[in-house]
Each structure stands twice: as C-alpha cells, then as structure tokens.
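Numbering (my numbering), first residue to last: 1 to 164.
Rendered as structure tokens:
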C-alpha cells in the first residue's frame, strides 16, 4: 500500500512539474518549496486556487485545486486538512453541472485565467468572492469560505473599496 502511494505521488509530481513548465514563475516557486515539505506546499497551492475558484474560472480552478489537494493527500496520507478541502471541492463539483476541463489543462492554464479575470475588474471580483464566501459558509464549507473571504478582503484592499 505504501509503495502504491509513493508511486502515485511520483506520478503526480511528474505531472505537476510538466504543468509547471507551462505556467508562470509563481507556480515554479511554489513547486520549488516542495523540497522541504511536499504535502504542505501542494495543500497551500490547492488553497490558493480554491480561494479563486468562482465565476467564469470556476471549472478550471475546481479541477486544478482537486489535483493539488489529491497530490497533498498522496504525499502525506496522515494530513487531515487536505481531505477536508477535497471534500468541500467535491461539494462544489456536485453543484456545478457543466463539463469540466482535463486536469493538465486546468493546472497549466489556471494562473493565466485567474490573472486575467482579477485584473479586468478587481472590485467586481471582490463582490463575487464575497458572495461566494457567504454561499460556502451557509453550506458549511468553512475552509473554502474562509479562503474566498480572505481573497475578497485582499481585493477590496487593492481597489480601495471598503464595502465588505
């Protein structure tokens, strides 16, 4: 069983490294930090993506966050946070009836999609993030709600709006 998990981790790490070669430098720095604690780095990346998983970039964010959370579980099966996040992402997935992109596409394109989306209208993105945080909180998805709320506050601070 341990050997299977280790093989799965190696496969996921290979896929993530391939994806990183096609993504912005920010992802490369996250992957480089995995040398000290791969599971923690993968979970932080899943959290970062989950916070931004709403609006038109939801399909790509959902798939990418699930991939990183799954990799975090494979890297450290004893981690209690990654399964919680993965369960919340599964609930979001069930509420999203449309088709989802392939994993490699989601992982390799999410950063660019998110950058474009948030740069186009940060104030509007803050409103949507806040609404999404409230929706997730009402649904009992506390971890992902907190991530979205933090992003909403960050965006409001960037835009100078204090309507949150």
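Glycine included, each C-beta is placed from N, C-alpha and C at the ideal position.
None of the values given here were measured: they were computed from a predicted structure.
In whole angstroms, give me the CA-to-CA distance for residue i and residue j.
i	j	result
residue 50	residue 37	20 Å
residue 110	residue 63	9 Å
residue 59	residue 53	8 Å
residue 127	residue 149	10 Å
residue 166	residue 74	The requested residue 166 does not occur in the structure, where the chain is confined to residues 1 to 164.
Measure from the alpha carbon of residue i to the alpha carbon of each residue in the options, then state which is nearest.
i	options	result
residue 100	44, 57, 45	57
residue 157	124, 39, 145	124
residue 121	159, 108, 134	159
residue 102	147, 41, 66	66
residue 84	43, 118, 55	43
residue 151	129, 107, 135	129
Taking DSSP as the reference, what is the three-state secondary structure of residue i?
i	result
residue 124	helix
residue 77	coil
residue 142	helix
residue 40	helix
residue 108	helix
residue 98	coil
task: Count the C-beta pairs between the region 138 to 155 and the region 78 to 93 that are closer than 8 Å, then say yes if the count reaches three, no if not.
output: yes
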